[in-house]
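S.K.: Each residue of the sequence shown is one higher than the one before, counting from 2 in this note's numbering.
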Amino acid sequence: MQNQGMNRGMVDVTPDVRLLRVLRSSGVNLQTAMGEILDNSIDAGASEIDVYVFKNDREKSNIMIVDNGKGMNDVTLRGAFTLAKELKFGIDQIGKYGMGMKTAALSLSTQFEVITQKASGEVLFGEYNINKMEQQGEFKTTVRLADEVETTLFKSKLRRKQRSGTIVIIKNCDRLDVTHPVFVNQMQQFIGLAYKNFIKRGINFTVSDFPIKGDKVEAIDVLMREHDKTHIISERDTYPIEFETKLGQRKNTFIEVSSTVLPKPDKGSKGKKINEKGVLLPLNQTHQGIYVYREGRMVGQGLSWVNVFGEKHNEKNRFRIEINCNSELDDAINMNFLKGNVNPINPLKNQLAEIIEPYMEEMREVLRQEEEKEMSVQASKEKNADKKVTRKIEMVINKPVSSQVEKVENTSGKVILNKNVKKAKSKKELLTAAKEIRALLESKRTSEKTKKEFMEALGLTSSILETV
Numbered sequence: 002m003q004n005q006g007m008n009r010g011m012v013d014v015t016p017d018v019r020l021l022r023v024l025r026s027s028g029v030n031l032q033t034a035m036g037e038i039l040d041n042s043i044d045a046g047a048s049e050i051d052v053y054v055f056k057n058d059r060e061k062s063n064i065m066i067v068d069n070g071k072g073m074n075d076v077t078l079r080g081a082f083t084l085a086k087e088l089k090f091g092i093d094q095i096g097k098y099g100m101g102m103k104t105a106a107l108s109l110s111t112q113f114e115v116i117t118q119k120a121s122g123e124v125l126f127g128e129y130n131i132n133k134m135e136q137q138g139e140f141k142t143t144v145r146l147a148d149e150v151e152t153t154l155f156k157s158k159l160r161r162k163q164r165s166g167t168i169v170i171i172k173n174c175d176r177l178d179v180t181h182p183v184f185v186n187q188m189q190q191f192i193g194l195a196y197k198n199f200i201k202r203g204i205n206f207t208v209s210d211f212p213i214k215g216d217k218v219e220a221i222d223v224l225m226r227e228h229d230k231t232h233i234i235s236e237r238d239t240y241p242i243e244f245e246t247k248l249g250q251r252k253n254t255f256i257e258v259s260s261t262v263l264p265k266p267d268k269g270s271k272g273k274k275i276n277e278k279g280v281l282l283p284l285n286q287t288h289q290g291i292y293v294y295r296e297g298r299m300v301g302q303g304l305s306w307v308n309v310f311g312e313k314h315n316e317k318n319r320f321r322i323e324i325n326c327n328s329e330l331d332d333a334i335n336m337n338f339l340k341g342n343v344n345p346i347n348p349l350k351n352q353l354a355e356i357i358e359p360y361m362e363e364m365r366e367v368l369r370q371e372e373e374k375e376m377s378v379q380a381s382k383e384k385n386a387d388k389k390v391t392r393k394i395e396m397v398i399n400k401p402v403s404s405q406v407e408k409v410e411n412t413s414g415k416v417i418l419n420k421n422v423k424k425a426k427s428k429k430e431l432l433t434a435a436k437e438i439r440a441l442l443e444s445k446r447t448s449e450k451t452k453k454e455f456m457e458a459l460g461l462t463s464s465i466l467e468t469v
């Protein structure tokens, strides 16, 4: 018997607006969130990107990102507000999946605004507020022409000659869990690391904890190429890579590999100083390993991949490797929309293992040669120290004593003075000499070999010396 009243056919599976609350708990951290928005700015062709964090009139934190990219028209802005809507700017874009801006902004607040303009268009305003969408029960928001206040803000943040750009304002951040100065420091380091290739190409980033333009962010080179004590093992060596597309097609692309052995850190600094100067990424297990750059943007840092870099160990604290790849390998490196630490599939890992192992061996050889050189230097120092100890002991033993003038008769019976006769060392002088010898034998500056030789010459053992 057929069920009565059953509706057959297509079913509307549009998600409930509560999905936006779920996205707020997607595990996006501050750096990842900001990175998604900065990626959009770079994909839009921006050459100036400014980041601000400041208190608004409600004493809540606002984060504002301003770029001078190509901006958006009405259609593009609506698409930017649509979940999973991918906006293509080119094959080498660093944005992906169309989730970035929404997920990133919502991880910090329940609302954000966008003010944008294309070179030949008008200034537009868009609002994304999940509280309002929940009240409406629909995925609908506002996109309109910017009002006078919004337009004034837009013009004030971009140069007068600049006719296009975008401003993203994340308002009333309820999940910004760091102070504004800490935010600035974290952003400067993150941007310097993740976007160092873009900075070197001429893109300027600034970060400020006031609504005024901040200081320029400097690129951070994890391989420390410019340090004169860095051993450069390879520099952008190119290798062919085979991969499989989603359709099962076999294709080829290329990767670039750079590797270095970093300078030796200062003793006792726990890898935080080199030549008494602080380093941004301490030489430790956390920061050793592989750094992956996709389309020039860092998407993985300090990775090990057991059969590629191998298990992390203190002996590898100075080893760092850069791999540059393009977006063709996105599936092969298992990159998700958060662009977190990537983990290649096994076929790619196997290829990487063959490529990287010779570099790992070269890095290990650098350490071996350093160790041999240090041992040689230490042996030379010990040899010189032994010579000094030997001379000093001889000086103590052969210390001149007062001469005795002795009267003797020559063959003719005439009395003469003989000054060549030495009197025997007194007990006091011998005890003084013995104490000085013992002090030298107990000195850490005296080698074990020299100590053993003198102990044998004196007919003593080390245990006797310890009990004396």
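Backbone N, C-alpha and C fix where the C-beta goes; we use that ideal spot for every residue, glycine too.
Measuring only the C-alpha atoms, how far is R160 from G193?
M.R.: Rounded to whole angstroms, R160 to G193 spans 24 Å at the Cα level.
S.K.: If we ignore side chains and look at the alpha-carbon of each, how far apart do N335 and I221 end up?
M.R.: Cα to Cα, the separation comes out at about 25 Å.
S.K.: To the nearest angstrom, report how far apart S381 and K388 are at their CA atoms.
M.R.: Rounded to whole angstroms, S381 to K388 spans 11 Å at the Cα level.
S.K.: How many angstroms separate the CA atom of N186 from the CA atom of V208?
M.R.: Near 9 Å, if we compare the C-alpha coordinates of V208 and N186.
S.K.: Tell me, which residues are paired with K382 by DSSP?
M.R.: For K382, which the question treats as bridged, DSSP gives no partner whatsoever.
S.K.: Hey, could you find the ends of the beta strand (DSSP E) G303 is sitting in?
M.R.: Segment R298 to L304, the beta strand (DSSP E) holding G303.
S.K.: Should D175 go down as buried or exposed, given a rule of 16 or more other Cβ atoms within 10 Å for buried?
M.R.: It is exposed - the Cβ of D175 has fewer than 16 other Cβ atoms within 10 Å.
S.K.: Report buried or exposed for A105, applying the criterion of at least 16 other Cβ atoms within 10 angstroms of its Cβ.
M.R.: Buried is the call here.
S.K.: Do L109 and A34 have their CB atoms nearer than 7 Å?
M.R.: Contact flag set, yes.
S.K.: Quick one, which of G10, S42 and G138 has its alpha-carbon nearest R1's?
M.R.: A question about residue 1 goes unanswered here, because the residues of the chain that appear run from 2 up to 469.
S.K.: Give a yes or no on whether the C-beta atoms belonging to I256 and I242 are separated by under 7 Å.
M.R.: It is a contact, given that the beta carbons lie within the stated cut-off.
S.K.: Tell me the DSSP bridge mates of V223?
M.R.: V223 is not bridged to any residue.
S.K.: Can you grab the Cα-Cα spacing for the pair V144 / F55, in whole Å?
M.R.: Near 25 Å, if we compare the C-alpha coordinates of F55 and V144.
S.K.: Note down, in chain order, each residue of its chain lying with its Cβ closer than 6 Å to the Cβ of K268, except the 5 sequence neighbours on either side.
M.R.: Hits under 6 Å: none found.
S.K.: Taking the alpha carbon of R369 as the point to measure from, which residue in K317, I204 and R22 has its own alpha carbon closest?
M.R.: Among K317, I204 and R22, the Cα nearest to that of R369 is on K317.
S.K.: Output needed for P182: all residues of its chain with C-beta closer than 8 Å, excluding positions within five of it in sequence on either side, in chain order.
M.R.: Cβ within range, chain order: D210.
S.K.: In this structure, does DSSP put T104 in helix, strand or coil?
M.R.: In this structure, T104 counts as helix in the three-state DSSP scheme.
S.K.: Could you tell me which of E123, Y360, I213 and E236 sits nearest to V67, measuring between CA atoms?
M.R.: Considering only alpha carbons, the answer is I213.
S.K.: Are the beta-carbon atoms of G272 and L284 separated by less than 7 Å?
M.R.: Yes.
S.K.: How about A333 and I346: are their beta carbons less than 7 Å apart?
M.R.: For A333 and I346, yes; Cβs fall inside 7 Å.
S.K.: What does DSSP give as the partner residue(s) for L146 in the beta ladder?
M.R.: Partner(s): L125.
S.K.: Measure from the alpha carbon of R79 to the alpha carbon of each residue in R251, E329, K141 and T111, then state which is nearest.
M.R.: Out of R251, E329, K141 and T111, K141 has the C-alpha closest to the C-alpha of R79.
S.K.: Is the beta carbon of Y292 closer than 7 Å to that of E323?
M.R.: In contact: E323 and Y292 (Cβ atoms closer than 7 Å).
S.K.: Taking only runs that begin and end inside the stretch 216–297, name each unbroken beta strand (DSSP E) of 3 or more residues, in chain order.
M.R.: The stretch 216–297 contains these whole beta strand (DSSP E) runs: 232–245, 251–262 and 290–295.
S.K.: In its own chain, which residues sit with a C-beta less than 6 Å from the C-beta of E449, not counting the 5 before and 5 after it?
M.R.: Excluding sequence neighbours, E449 sits near nothing in its chain.
S.K.: Which term fits L330, buried or exposed, when burial requires 16 or more other beta carbons within 10 angstroms of its beta carbon?
M.R.: Looking at its Cβ environment, which holds 16 or more other Cβ atoms inside 10 Å, L330 is buried.
S.K.: Within the continuous alpha helix (DSSP H) that includes K555, where are the two ends?
M.R.: Not covered by the structure: residue 555. The range shown for the chain is 2 to 469.
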